[in-house]
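K.L.:
Each number in our numbering comes from the position in the sequence shown (counting from 1) with 305 added on. C-beta atoms are modelled at their ideal positions from N, C-alpha and C, and glycine is treated no differently. Attaching a single structure in structure tokens format; questions to follow.
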Amino acid sequence: MSRLEGGRRLWWRTISGMLTGLALAASAIAAASADPSKAPASLHLERRTLPELRDMLDRGEVTSEQLTRFYLARIGTLDDQGPTINAMLDLAPGAIARARELDRHRDDGDHGPLYGIPFVVKDNTDVKGLPTSGGSMVLSHAYPQDSAHVVRRLERAGAVLLGKTNMTEFAASYGDAGYSSRGGVTRNPWRLDRSVLGSSSGSAAAVAAGFAPFALGTDTEGSVRGPAHAAGLVAMRPTLGRVSRDGIIPLAMSFDTPAPMTRTVQGNAWVLDAMAGRDDADEVTWFNDTAPLEGLESLAVPASQTPLEGLRVGIIEHREAGNTEIETHFARALKRLEALGATSVKVTLDKHYLDLWPGVVGPVHQAEFQPQLERYLRQFDDGEPHTLKEIMERCEALNQHAGEHPPVTPGRIRGMQYRLNKRLEGSSEYLDVISRRIPELREHLSQFMASNRLDALIFPTEACPAPPLKAGEHSDHECTASEPFALGYIASATGFPELTMPMGMTRAGVPINVSLLGGERQEAALYRLGLAFMQDVDDDDVLGLPAMAPLEPSSANP
């Protein structure tokens, strides 16, 4: 049995049960005190969730410096030596020093749940001192003037940045999800011959592989939700404007939002709580002053056999089914919700909700990318490209000198040329979508959920499991859906929040997820529903960690 096959059943309950007890805690503390830079291998830090790590830090079982050294060493072993995952692009040189400083001040007062917790961030997000390449070789020396607003918020909360992750180049796949000219293809830690989708591919792979307890991605048209599904993670696409987009390479700012990726619902809520808030540089965030997130640091499931009693969840009846295993697990997920007290209701959405790409999402994407990207590029020095035309020309030059295997996906260059030729940002179609169709969609969906007394809509996050990296290699990837992510466009088009979380594994050994779509600004309600859903579940339906070789953090360069 291979290491990957042997680890498919490393379930959360088994993992957490292995390492409890006062005797183990005492031995861990003793070992840590013997070598303050090294965490004991018995702690199995690669398998620890964010809430577990917070408790360990609070009890003194491990230090932030030990965590940071551990994750950097694990990245060095599993991401840089073949067959590589290709999750990471750049490491933050001051991570260990920052962690050490946080350890010195841990007893200075009360700290939030992210204090001393390492994390990674997608490479379309500015970090001062590191390039923001968007996964492209042509921006590999583009150093921003400052860190993005969301990165600064996480660091103020005490989180320790480890580095930046690989991503689908410029966050648009053109048929090559998870691939970038700068980092190559990101592989799925559950099966290295499978995709982890995109565009937040490296962020998802990093958390799934135990490189960090949480990651920051961005979601425009499913760029966090898809990878979370492929990697078996919890992710929240928040209400548009809940988190600032300042300092992030745009794709289409009518839909763009940063989004957290974790392995637990509680941990995800903590990260979003730290990320969210008003930013004067991004006016869509200003509603946070009057409608802030509340209660996320102390989420709790009611002490009841039926904690979801009184809640109503809408099952979209006319969605397109894809993979039979996904449908089987989805049926189990519905039974679980009902067992917890929720009432499931079959609902039928207007047909335009199942066809949002050509009429809403696509036109906005096509129109906004070029002008918004060029505004973002103004911050860089004269030697860097400042227009889409310059980027395209440099990509073409790279491919001309690359020989048989061009580094830039040819379809990407064709897509850039299309945008240059069309100049769609002032078109009547685009203006109609922005001024009329999107507001109508938001209003209609809000009224639909209110009239049906729905707390959330539920559906499989994707209709298909993570596909093979090479088409046709695995017949077990049967999927008949013509549009695998049609329902995912609803959150993008309306700006409403969507929570995705694991619901099981396919027989081929890749995770699959279920999504809950809520009303505008209802992230807290989705988290409470998700927290109840993920507690006391069957071992066969909960994911642990891929069976990758555990790494004792014996070394990491300071």
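In chain order, what residues of the same chain lie with their CB nearer than 7 Å to the CB of TYR658, ignoring the 5 residues before and after it?
P.N.:
Taking the first residue of the sequence shown as position 1, residue 658 is located at position 353. Within the same chain, ILE795 come within 7 Å of TYR658 by CB-CB distance, once the 5 residues on both sides are set aside.
K.L.:
Does DSSP put LYS727 in a helix, in a strand, or in coil?
P.N.:
For the purposes of this step, residue 727 is taken as the residue at position 422 of the sequence shown. Looking at LYS727 - three-state DSSP - the assignment turns out to be helix.
K.L.:
Buried or exposed, going by whether 16 or more other CB atoms sit within 10 Å of the CB of GLN752?
P.N.:
Within the sequence shown, the letter at position 447 stands for residue 752. With fewer than 16 Cβ atoms within 10 Å of its Cβ, GLN752 is classed as exposed.
K.L.:
Give me whichever residues DSSP pairs with ASN493 in a beta bridge.
P.N.:
Along the sequence shown, one-based indexing puts residue 493 at 188. Paired residue(s): ARG496.
K.L.:
Hey, would you say LEU613 sits closer than 8 Å to ALA636, going by beta carbons?
P.N.:
To locate residue 613, count along the sequence shown from 1; it is residue 308. To locate residue 636, count along the sequence shown from 1; it is residue 331. Contact: no.
K.L.:
By Cβ distance, which residues of its chain are closer than 8 Å to LEU642, with the 5 residues on each side in sequence left out?
P.N.:
The residue labelled residue 642 in the question sits at position 337 within the sequence shown. Same-chain partners within the cutoff: LEU613, VAL618, SER649, ILE763, PHE838.
K.L.:
Expressed to the nearest angstrom, what Euclidean distance is found between the alpha-carbon atoms of VAL815 and GLY835?
P.N.:
Against the sequence shown, residue 815 aligns to sequence position 510. Against the sequence shown, residue 835 aligns to sequence position 530. So the two alpha carbons sit approximately 21 Å from each other.
K.L.:
Does the distance from the C-beta atom of VAL669 to that of ALA557 stay below 8 Å?
P.N.:
The count along the sequence shown starts at 1 and reaches residue 669 at position 364. The count along the sequence shown starts at 1 and reaches residue 557 at position 252. Closer than 8 Å, so yes.
K.L.:
Can you list the alpha helix (DSSP H) stretches of 4 or more residues lying completely in the stretch 362-431, in chain order?
P.N.:
369-383, 400-409
K.L.:
In whole angstroms, give me the CA-to-CA distance for TYR420 and LYS343.
P.N.:
Here residue 420 refers to the residue found at position 115 of the sequence shown. Here residue 343 refers to the residue found at position 38 of the sequence shown. Roughly 19 Å between the two C-alpha positions.
K.L.:
If VAL529 sits next to ALA579, beta carbons under 8 Å apart, how far is it from one beta carbon to the other, in whole angstroms?
P.N.:
Locating residue 529 in the sequence shown gives position 224, where the first residue counts as 1. Locating residue 579 in the sequence shown gives position 274, where the first residue counts as 1. Actually they are not in contact, since the Cβ atoms of VAL529 and ALA579 sit about 17 Å apart, beyond 8 Å.
K.L.:
Are there three or more Cβ pairs, one per stretch, closer than 8 Å when the stretch 355-367 is compared with the stretch 490-508?
P.N.:
no
K.L.:
Using a Cβ-Cβ cut-off of 6 Å (strictly less than) and excluding sequence neighbours within five positions of HIS691, which residues of its own chain qualify?
P.N.:
Position 386 of the sequence shown, counting from 1, holds the residue named residue 691. So the qualifying residues of the chain are LEU682.
K.L.:
Based on DSSP bridge pairs, tell me the residues matched to PHE519.
P.N.:
For the purposes of this step, residue 519 is taken as the residue at position 214 of the sequence shown. Partner(s): PHE424.
K.L.:
So, with DSSP's three-state summary, where would you put LEU448?
P.N.:
Taking the first residue of the sequence shown as position 1, residue 448 is located at position 143. It is worth fixing the name first, because residue 448 is Tyr in this sequence and not Leu. The answer is coil: DSSP assigns TYR448 none of H, G, I, E or B.
K.L.:
Near LEU435, what residues of its chain come up, given a Cβ to Cβ distance below 7 Å and the 5 sequence neighbours on each side ignored?
P.N.:
Here residue 435 is taken as the residue at index 130 of the sequence shown, counted from 1. Within the same chain, LEU435 has close Cβ partners ASP395, ALA397, LYS469.
K.L.:
So does the stretch 766-774 actually touch the stretch 527-543, counting three or more Cβ pairs closer than 8 Å?
P.N.:
yes
K.L.:
Using 8 Å as the cut-off, can you tell me whether the stretch 724-741 makes contact with the stretch 803-818, which would need three or more C-beta pairs spanning the two stretches below that distance?
P.N.:
no
K.L.:
Give me, in chain order, the residues of the same chain whose beta-carbon lies closer than 7 Å to that of ARG458; leave out the 5 immediate sequence neighbours on both sides.
P.N.:
As a position in the sequence shown, residue 458 is number 153, starting the count at 1. These residues qualify, in order along the chain: ALA579, MET580, GLY582.
K.L.:
Distance check for SER797 and ALA755, CA to CA, integer angstroms please.
P.N.:
One-based indexing of the sequence shown puts residue 755 at position 450. One-based indexing of the sequence shown puts residue 797 at position 492. The straight-line gap from Cα to Cα measures roughly 20 Å.
K.L.:
Touching or not, the stretch 363-376 and the stretch 399-406, by the rule of three or more beta carbon pairs under 8 Å?
P.N.:
Yes: the two stretches touch, three or more of their Cβ pairs being nearer than 8 Å.
K.L.:
Taking buried to mean at least 16 other C-beta atoms within 10 Å of its own C-beta, is PRO851 buried or exposed?
P.N.:
Position 546 of the sequence shown, counted from the first residue, corresponds to residue 851. Counting Cβ neighbours within 10 Å, PRO851 comes out buried, since at least 16 surround it.
K.L.:
For CYS784, tell me which candidate among VAL548, LYS427, THR811, MET721 has the shortest Cα-Cα distance.
P.N.:
Here residue 784 refers to the residue found at position 479 when the sequence shown is read from its first residue. The residue with the shortest Cα to Cα distance from CYS784 is THR811.
K.L.:
Nearest-angstrom Cα distance between ASP843 and ARG352?
P.N.:
Numbered from its first residue, the sequence shown carries residue 843 at position 538. Numbered from its first residue, the sequence shown carries residue 352 at position 47. For ASP843, the predicted model reports a pLDDT of 46, less than 50, meaning its position is unreliable and no value from the coordinates is stated.
K.L.:
My output table needs one value for VAL548: the three-state DSSP class, helix, strand or coil.
P.N.:
For the purposes of this step, residue 548 is taken as residue 243 along the sequence shown, with counting starting at 1. Residue state, collapsed to three classes: coil.
K.L.:
By the 10 Å Cβ neighbour count, where 16 or more other Cβ atoms means buried, how is LEU350 classified, buried or exposed?
P.N.:
Taking the first residue of the sequence shown as 1, we reach residue 350 at position 45. LEU350 comes out buried.
K.L.:
Would you call the stretch 479-499 and the stretch 592-599 touching, i.e. three or more CB-CB distances under 8 Å?
P.N.:
No, the stretch 479-499 does not touch the stretch 592-599.
K.L.:
Grouping DSSP H, G and I as helix and E and B as strand, with all else coil, what is PRO851?
P.N.:
Stepping through the sequence shown from its first residue, residue 851 is reached at position 546. Coil at PRO851, not helix or strand.
K.L.:
What are the residues that DSSP puts in a beta bridge with LYS651?
P.N.:
Stepping through the sequence shown from its first residue, residue 651 is reached at position 346. In DSSP, LYS651 forms a bridge with ILE620.
K.L.:
How is SER485 classed by DSSP in three states: helix, strand or coil?
P.N.:
By 1-based counting over the sequence shown, the position of residue 485 is 180. DSSP places SER485 in strand when its eight states are reduced to three.
K.L.:
I believe GLY507 touches MET393 by the beta-carbon criterion, under 8 Å. Please report the beta-carbon distance rounded to the nearest angstrom.
P.N.:
Locating residue 507 in the sequence shown gives position 202, counting from the first residue. Locating residue 393 in the sequence shown gives position 88, counting from the first residue. About 7 Å separates the Cβ atoms of GLY507 and MET393, confirming a contact at the 8 Å cut-off.
K.L.:
Please name the residue, chosen from VAL819, ARG826, GLN827, that lies closest to VAL539 on a Cα-to-Cα basis.
P.N.:
Translated into positions along the sequence shown, residue 539 becomes position 234. The option with the nearest alpha carbon to VAL539 is VAL819.
K.L.:
Between GLY381, ASP451, THR544, which has its C-alpha nearest LEU467's C-alpha?
P.N.:
To locate residue 467, count along the sequence shown from 1; it is residue 162. Looking at the Cα atoms, GLY381 is the closest of the given residues.
K.L.:
Provide the residue(s) that pair with LYS469 in DSSP beta bridges, ordered along the chain.
P.N.:
In the sequence shown, residue 469 corresponds to position 164, counting from 1. Answer is ASP395, VAL426, bridged to LYS469.
K.L.:
Quick check on THR653: buried or exposed, where buried means 16 or more other Cβ atoms within 10 Å of its Cβ?
P.N.:
For this step, residue 653 is matched to residue 348 along the sequence shown. Exposed.
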